[in-house]
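A.B. asks: Counting from 189, one number per residue, gives the positions in the sequence shown under this note's numbering. Ideal Cβ placement from N, Cα and C applies to all residues, glycine included. Below you will find the structure I want to go over with you.
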Amino acid sequence: MCKTKKRQAANVAAVAEYSHEDSDEDVVFLGSVSEKAQASPWMTEVTMDNHKAVFKIDTGADVTAVPEQLYAQGQFNKLARATKILYGPGGVPLKLKGKFTAVLSNSKHSTHEEVYVVEGLRTPLLSGAAAMTLQLVARVNSISLDSKETVKREFPKLFSGLGKMEGEYTIVLKPDAKPFSLSTPRHISLPLLQKVKEELSRMEQQGVISKVDEPTAVVRTYGCGAQELRKS
């Protein structure tokens, strides 16, 4: 038996030897576990310790993982006990065979990574951190919106007084729409009567409302606050 076959046999034995046990170790997430390898912009060839393999870039994966068959085929470092608990989609815990350190590289960049051997994994998965180090993906920072106060300072006219949009607009209601209405006018207490008249007059002068002397389908109601008249 040649040395290569002996090394592969040793790897197979090592895969069977290091099984993951529940503990208080770190918990990390792994993305697509059972998806088959296929041509995709997210598939890329990576050299792992002089062994070429096609990885799927999984930006949601916290660690890089490979199937146990891939580990058995190559001449990689000996498996060590896994120090993390890996969960797949849906929070399903994954059965780990162990981990090993490897150099992942492409034509321009390289990185040292801890690679986890996962039982039942179909496609090698490249973690988001490794993909960024190899410059296969780039992180785009979130765009921060201007604060409300900044917008107010830039467009003061939009936040003061009463504005009016240019042109005319048609608002179409559903055929079966039933607007809220009151069958009888709401009673206004004497202390608020003058304030209500002044507010209605002011709104009529600004063109917000128009005076109606006949029954309508909709009645706009008003409530009173502790200090001032407010629209309800």
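Which ranges does the alpha helix (DSSP H) cover as unbroken runs of at least 4 residues, wholly within the segment 273–353, from first to last along the chain?
C.D. replies: Listed in chain order, they are 316–321, 336–342.
A.B. asks: At the level of alpha carbons, what is the spacing between Ser228 and Ser298?
C.D. replies: Straight-line Cα distance between these residues: approximately 22 Å.
A.B. asks: May I ask you to list the residues that DSSP assigns as paired with Pro231?
C.D. replies: One detail in the question is off: residue 231 reads as Met in this sequence, not Pro. Paired residues: Lys244.
A.B. asks: Starting from the C-beta of Ala317, find all residues in its chain whose C-beta is less than 6 Å away, skip the five residues before and the five after it, and write them out in chain order.
C.D. replies: Within the same chain, Ala317 has no close Cβ partners at all.
A.B. asks: From which residue to which residue does the beta strand (DSSP E) around Val384 run?
C.D. replies: Careful: Val384 lies outside any beta strand (DSSP E), inside the alpha helix (DSSP H) at 378–393.
A.B. asks: What did DSSP end up calling Ala365 once you bin it into helix, strand or coil?
C.D. replies: In this structure, Ala365 counts as coil in the three-state DSSP scheme.
A.B. asks: Nearest-angstrom Cα distance between Ser279 and Tyr357?
C.D. replies: The displayed chain sequence assigns Gly, not Ser, to residue 279. Cα to Cα, Gly279 sits roughly 51 Å from Tyr357.
A.B. asks: Between Phe243 and Pro312, how many whole angstroms is the CB-CB distance? I'm expecting something under 8 Å.
C.D. replies: Between Pro312 and Phe243 the Cβ distance is about 4 Å, and since that is below 8 Å, they are a contact.
A.B. asks: Could you check if Gly286 is buried or exposed, using at least 16 other CB atoms within 10 Å of its CB as the buried criterion?
C.D. replies: Under this definition Gly286 is a buried residue.
A.B. asks: My guess is that Thr252 and Glu307 are in contact by the Cβ rule of under 8 Å, so how many angstroms apart are they, rounded?
C.D. replies: With a Cβ gap of about 16 Å, Thr252 and Glu307 do not count as contacting.
A.B. asks: Under 6 Å Cβ to Cβ from Gly262, same chain only, skipping five residues before and after it: list those, please.
C.D. replies: Contacts found: His239.
A.B. asks: List the whole-angstrom C-beta distance separating Val303 from Leu284, where the pair is believed to meet the contact cut-off of C-beta under 8 Å.
C.D. replies: That pair is no contact at about 11 Å.
A.B. asks: Are the CB atoms of Ala326 and Ile245 within a distance shorter than 8 Å?
C.D. replies: Taking 8 Å as the Cβ cut-off, Ile245 and Ala326 do not qualify as a contacting pair.
A.B. asks: Can you tell me which residues form a DSSP beta bridge with Ala270?
C.D. replies: BP columns for Ala270 are empty, so no partner.
A.B. asks: Kindly indicate which three-state DSSP category Ala260 falls into: helix, strand or coil?
C.D. replies: Of the three classes helix, strand and coil, the one that applies to Ala260 here is helix, per DSSP.
A.B. asks: From Ile273 to Leu282, what distance separates their C-alpha atoms?
C.D. replies: Taking the straight line from one Cα to the other gives about 8 Å.
A.B. asks: What residue range does the beta strand (DSSP E) around Tyr255 cover?
C.D. replies: It should be noted that the sequence gives Pro, not Tyr, for residue 255. Its beta strand (DSSP E) spans residues 252–255.
A.B. asks: Kindly identify the DSSP beta-bridge partner or partners of His239.
C.D. replies: For His239, which the question treats as bridged, DSSP gives the partners Met236.
A.B. asks: Report yes if the CB atom of Leu267 is closer than 8 Å to the CB atom of Ala241, and no otherwise.
C.D. replies: Their beta carbons are not under 8 Å apart, which means Leu267 does not touch Ala241 by this criterion.
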